[in-house]
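> The structure follows.
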Amino acid sequence: MKTPFDTALRIQQREIDRVGMAIGSETSQLVALEQAKQAALATAAAEVQLAGADPMMSSFAYVSRMRMLRERLEQDRAASAARLDRLRDEATDVYGSMKAMETAADGFRASAALTAATAEQAMIDDISSAALLRARRTAARGRHA
Numbered sequence: 001m002k003t004p005f006d007t008a009l010r011i012q013q014r015e016i017d018r019v020g021m022a023i024g025s026e027t028s029q030l031v032a033l034e035q036a037k038q039a040a041l042a043t044a045a046a047e048v049q050l051a052g053a054d055p056m057m058s059s060f061a062y063v064s065r066m067r068m069l070r071e072r073l074e075q076d077r078a079a080s081a082a083r084l085d086r087l088r089d090e091a092t093d094v095y096g097s098m099k100a101m102e103t104a105a106d107g108f109r110a111s112a113a114l115t116a117a118t119a120e121q122a123m124i125d126d127i128s129s130a131a132l133l134r135a136r137r138t139a140a141r142g143r144h145a
């Protein structure tokens with residue numbers, strides 16, 4: 001049965017789908033940033049070890065550049081984690097709204113079903129009453145004749 005809430009429910013479902021896809025994308029980005037950070041740490045450690053073996057090689061510039069890279073990756077990771085938290089909050093809100101609309105739609109359907117059942121019962125009562133009145137009139141005519 002169609003309800004006045006059907007369109008809003010479809011819109012909410014699309015919004016949940018959109019937020020879910022955004023959460024998936026942000027989660028992938030967060031994982032990629034974490035992997036890049038770990039790779040940068042491993043590369044830096046290996047390079048520092050190699051540079052330590054050669055006293056003529058200065059690794060200060062490289063270490064500084066790698067430190068800046070790790071800091072940037074950490075900032076990007078923190079920003080991505082914050083976006084992910086906001087998306088999760090948004091998903092919770094949208095899901096709550098959708099559930100409220102579903103409850104309202106169920107209430108509308110139940111009310112419509114009750115109204116239809118009440119109308120049907122009233123019609124049955126009217127038919128029964130009319131049949132009873134006809135039967136009484138027929139019986140009354142039979143007594144007077």
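Mapping of the sequence shown onto my numbering: residues 1 to 145, in sequence order.
Cβ atoms here follow ideal geometry from the backbone N, Cα and C, with glycine treated the same way.
Source: prediction; values computed, not measured.
1) What separation, rounded to the nearest whole angstrom, lies between the Cα atoms of Glu15 and Tyr95?
2) For a quick check, are the C-beta atoms of Ala113 and Leu9 less than 8 Å apart?
3) Classify Lys99 as helix, strand or coil using the three-state DSSP reduction.
4) When the Cα atoms are used, what is the spatial distance from Asp54 to Leu73?
5) Check the C-beta distance from Ile23 over to Ala91 and give it rounded, since I have them as a contact under 8 Å.
6) Taking DSSP as the reference, what is the three-state secondary structure of Thr3?
7) Rounded to the nearest angstrom, what separates Ala78 and Tyr62 at their Cα positions?
8) So, is Met98 buried or exposed, given that buried needs 16 or more other C-beta atoms within 10 angstroms?
9) Can the beta-carbon of Arg70 be found closer than 8 Å to that of Leu41?
10) Whole angstroms is fine: what's the gap from Glu127's alpha carbon to Leu133's?
The short version:
1) 9 Å
2) no
3) helix
4) About 29 Å.
5) 6 Å
6) coil
7) Cα to Cα, the separation comes out at about 24 Å.
8) buried
9) yes
10) Per the sequence shown, residue 127 should be read as Ile rather than Glu. Cα-Cα distance, rounded: 10 Å.
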